[in-house]
Amino acid sequence: MIRLLRIELYKIFHRPRTYISFAITAAIAFVIQLAMLADGKSFVGFALQGVSEQFDIKGNVLNGYLITYLILQTLLIHIPLLVALVAGDALAGEANIGTLRLLLTKPVTRPQLVLIKFTASVVYAMLLLLWLAVVALGLSVLLFGTGDMISLKSDAFVMLLKDDVLWRYFAAFAFAGLAMMCVASLALLLSVFADNSIGPIISTMGIIIVLTIFSTLQLPIFDTISPYLFTTHMIGWKGFFDSPVPYTSITHSAVILLIYTFAFVATAIIVFNKKDIQS
Amino acid sequence: MKRLLVLCLLLLSFPNLSPAQEAENLYYKVRNKLLSVSDYIADVRIKLDVTFMKVPPLKGKLYFKSPDKMKLERNGGISILPKNSYNLTLSNLLPPGKVTVIDGGYGTFMQRKVHIIKVIPSSDTGDIVLTKISIDEANLLVLHTETTTRDNGTINMDLQFGRYINYALPDRVTFFINLKDYKLPKGVTMDYTAADDDMMKKAKGAKVKKGKVQIDYLDYKMNTGLSDDFFKEKRQ
Numbered sequence: 001m002i003r004l005l006r007i008e009l010y011k012i013f014h015r016p017r018t019y020i021s022f023a024i025t026a027a028i029a030f031v032i033q034l035a036m037l038a039d040g041k042s043f044v045g046f047a048l049q050g051v052s053e054q055f056d057i058k059g060n061v062l063n064g065y066l067i068t069y070l071i072l073q074t075l076l077i078h079i080p081l082l083v084a085l086v087a088g089d090a091l092a093g094e095a096n097i098g099t100l101r102l103l104l105t106k107p108v109t110r111p112q113l114v115l116i117k118f119t120a121s122v123v124y125a126m127l128l129l130l131w132l133a134v135v136a137l138g139l140s141v142l143l144f145g146t147g148d149m150i151s152l153k154s155d156a157f158v159m160l161l162k163d164d165v166l167w168r169y170f171a172a173f174a175f176a177g178l179a180m181m182c183v184a185s186l187a188l189l190l191s192v193f194a195d196n197s198i199g200p201i202i203s204t205m206g207i208i209i210v211l212t213i214f215s216t217l218q219l220p221i222f223d224t225i226s227p228y229l230f231t232t233h234m235i236g237w238k239g240f241f242d243s244p245v246p247y248t249s250i251t252h253s254a255v256i257l258l259i260y261t262f263a264f265v266a267t268a269i270i271v272f273n274k275k276d277i278q279s
Numbered sequence: 280m281k282r283l284l285v286l287c288l289l290l291l292s293f294p295n296l297s298p299a300q301e302a303e304n305l306y307y308k309v310r311n312k313l314l315s316v317s318d319y320i321a322d323v324r325i326k327l328d329v330t331f332m333k334v335p336p337l338k339g340k341l342y343f344k345s346p347d348k349m350k351l352e353r354n355g356g357i358s359i360l361p362k363n364s365y366n367l368t369l370s371n372l373l374p375p376g377k378v379t380v381i382d383g384g385y386g387t388f389m390q391r392k393v394h395i396i397k398v399i400p401s402s403d404t405g406d407i408v409l410t411k412i413s414i415d416e417a418n419l420l421v422l423h424t425e426t427t428t429r430d431n432g433t434i435n436m437d438l439q440f441g442r443y444i445n446y447a448l449p450d451r452v453t454f455f456i457n458l459k460d461y462k463l464p465k466g467v468t469m470d471y472t473a474a475d476d477d478m479m480k481k482a483k484g485a486k487v488k489k490g491k492v493q494i495d496y497l498d499y500k501m502n503t504g505l506s507d508d509f510f511k512e513k514r515q
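If you read the sequences in order, they're chains Z and H. Take the first sequence: its letter number 125 is residue 125 in this note's numbering, and every next letter is one higher. If you want this note's numbering, it's the 1-based position in the second sequence plus 279.
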């Protein structure tokens, strides 16, 4: 198993496409940081409009912690796309180039192969997140410094003291890992059904975009279903930037993401077990 | 007969003050006491109790120069004070210029007998329209003010004194301010909705949006000679 996992990781990290993902992640972070360096004041002025009408807010609001928070918003769409690029290609890519049948002639069961592909995709997703942490948090702190952090909600203004922020980022990245694991499992499931990788990648993104609209739009019809959608819980990392931290809600979201991940992987195994592999 | 005559002369020799003159005298006495401190630097702890704000108690240094300059520094951190907070300093409520003082009689505040006076600034260009001040006559201390402003509604301020009673500098000041509603579109903030339930209930429950800002003065350094330039905003 470990050897097969190594082979899978070797395959992932010897494809230029993998490094394009890392480059895109860095580019997203750089663009946001550059924009904030150039015109961050206007952004802060706009964001704090509702509060600054009534309160004088002074000090280094536009610090590295706030910029990192803005960059982390990309966890909803951009980073899942990059995770789907690899996870969606895991089985469908093999089928596309005709190596899947050959792979299954090795002494490995089909469920084992699915689990190895899933684990390799998760390792990739975690490394991508780690890279995001380095370029987003590390570089933002280097460029903008640290300070008290302001996090805005639709109905609240939350301020966190400088010494109380860093642990929240570690926790948020750990939670984001769970969310990306769920995205990887969905892409892998869709990958089982396809014989080329474009379909699963686009389908994964399509599902995430549509479900995010359901989760975000405040319409009564969506309110009924949104608590059951994994996209609603993918932003659970934001809970760590609330005060007090809603641990019950975060745990609930984490459990839902794990259930979805388990269901996607289990379904992928069942379908792949029954699949007639022709290429 | 002689004794009665002497007594009448003695009574006539004391000026018989009207309540209005008495109130004006009291006002000037309080103002002079406050003016004995031209500036101060104070270590403060600020607690904001506002429905839409989740801010931990903030520690910092509050710089003040009479009559209306105020600055809060938080060692590189973010400072938050009610808008136009300089209007909320006692010195500003007791302006050095000409004012009209109206006697409001006597009352009780925090179980202490207080003399109530109303102060109307002569200039009609400022934000303050009227200030109702409750004064502890014995110690010449302002214990409560109710200020009607043009743009910021009515602001109530409670003052508690202790260590710096001789300088009329409070140990604790509590502002009660009126607030407007705060709302940002959920599509912009992308709320993690599960976390907002308590705050939503609290905000919906409050009929009138009131906020409370409590400033605890931990230590004062008085008359340090702060310059006006110190209060000018640094360009970031």
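We put the beta carbon where it would ideally sit given N, CA and C, even for glycine. Here the structure is a predicted model, which means the values were calculated and not measured.
Let me see if you follow: with CB-CB separation under 8 Å, is residue i close to chain H or not?
i                 : result
Ile57 of chain Z  : yes
Tyr260 of chain Z : no
Met205 of chain Z : no
Glu53 of chain Z  : yes
Met159 of chain Z : yes
Gly239 of chain Z : yes
Asp89 of chain Z  : no
Gly177 of chain Z : no
Ile7 of chain Z   : no
Thr224 of chain Z : no
Using a C-beta to C-beta distance shorter than 9 Å, which residues of chain Z count as neighbours of residue i?
i                 : result
Phe509 of chain H : Neighbours of Phe509 of chain H on chain Z: none; closest Cβ ~14 Å, over 9 Å.
Lys362 of chain H : Ser52, Glu53, Gln54, Phe55 and Asp56
Per DSSP, what kind of secondary structure is residue i in: helix, strand or coil?
i                 : result
Phe55 of chain Z  : strand
Phe440 of chain H : coil
Thr451 of chain H : A quick correction: the sequence has Arg, not Thr, at residue 451 of chain H. Strand, per DSSP.
Thr248 of chain Z : helix
Met346 of chain Z : It is not possible to answer for residue 346 of chain Z, since the shown part of chain Z is limited to 1 through 279.
Gly355 of chain H : coil
Ile277 of chain Z : coil
Ala172 of chain Z : helix
Tyr496 of chain H : strand
Met389 of chain H : coil
His14 of chain Z  : coil
Leu369 of chain H : helix
Asp223 of chain Z : helix
Gln515 of chain H : Confidence at Gln515 of chain H is low in this model, with a pLDDT of 42, below 50, so the placement of that residue should be treated as unreliable; the coordinate-derived value is given next. Correct three-state label for Gln515 of chain H: coil.
Ser413 of chain H : strand
Pro111 of chain Z : helix
Tyr342 of chain H : strand
Asn445 of chain H : helix
Below 6 Å CB to CB, which residues in the same chain sit around residue i once its five sequence neighbours on both sides are set aside?
i                 : result
Ala254 of chain Z : Leu178
Ile256 of chain Z : His233
Leu211 of chain Z : Leu229 and Thr231
Ile399 of chain H : Thr379 and Leu409
Leu186 of chain Z : Thr204 and Phe264
Val183 of chain Z : Pro80 and Val83
Pro336 of chain H : Arg324 and Lys326
Ile250 of chain Z : Gly236 and Gly239
Tyr499 of chain H : Tyr319, Ala321, Tyr443 and Leu448
Ile412 of chain H : Ile396, Val421 and Thr424
Residue i touches chain Z at which residues, Cβ-Cβ below 7 Å?
i                 : result
Asp430 of chain H : What Asp430 of chain H touches in chain Z: nothing, since even the nearest Cβ is about 11 Å away.
Ser358 of chain H : Lys58 and Gly59
Asp470 of chain H : Lys153 and Ser154
Leu458 of chain H : Gln54
Please confirm whether residue i has its beta-carbon closer than 8 Å to some beta-carbon of chain Z.
i                 : result
Arg271 of chain H : With chain H represented from 280 up to 515, any question about residue 271 of chain H goes unanswered, as that position is not in the structure.
Leu497 of chain H : no
Within a Cβ cutoff of 7 Å, which residues of the same chain sit near residue i, ignoring the five residues on either side of it in sequence?
i                 : result
Thr74 of chain Z  : Ile28
Asn96 of chain Z  : Asp195, Asn196 and Ser197
Gly384 of chain H : Ile395
Val408 of chain H : Thr427, Thr428 and Arg429
Thr146 of chain Z : Asn63, Gly64, Tyr65 and Lys162
Ala47 of chain Z  : Leu152
So which residues of chain H does residue i contact, with C-beta pairs closer than 7 Å?
i                 : result
Gly236 of chain Z : Tyr471
Gly147 of chain Z : Gly355, Gly356 and Ile357
Lys162 of chain Z : Gly356
For residue i, which residues in chain H fall below 8 Å Cβ to Cβ?
i                 : result
Ser243 of chain Z : Lys333 and Pro335
In chain H, which residues lie with their C-beta within 9 Å of the C-beta of residue i?
i                 : result
Ile150 of chain Z : Ile357
So, for residue i: in the same chain, excluding its five sequence neighbours on each side, which residues have a beta-carbon less than 8 Å away from its beta-carbon?
i                 : result
Gly59 of chain Z  : Gly147 and Asp148
Asp328 of chain H : Gly490, Lys491, Val492 and Gln493
TODO: Only counting runs of 3 or more residues, tell me where the beta strand (DSSP E) segments fall wholly within the stretch 32-85 of chain Z, in order along the chain.
DONE: 55-58
Task: alpha helix (DSSP H) segments (min. 4 residues) lying fully within the stretch 82-109 of chain Z - done: 92-97 and 100-104
- [ ] Only counting runs of 3 or more residues, tell me where the beta strand (DSSP E) segments fall wholly within the stretch 149-201 of chain Z, in order along the chain.
- [x] 149-152 and 157-160
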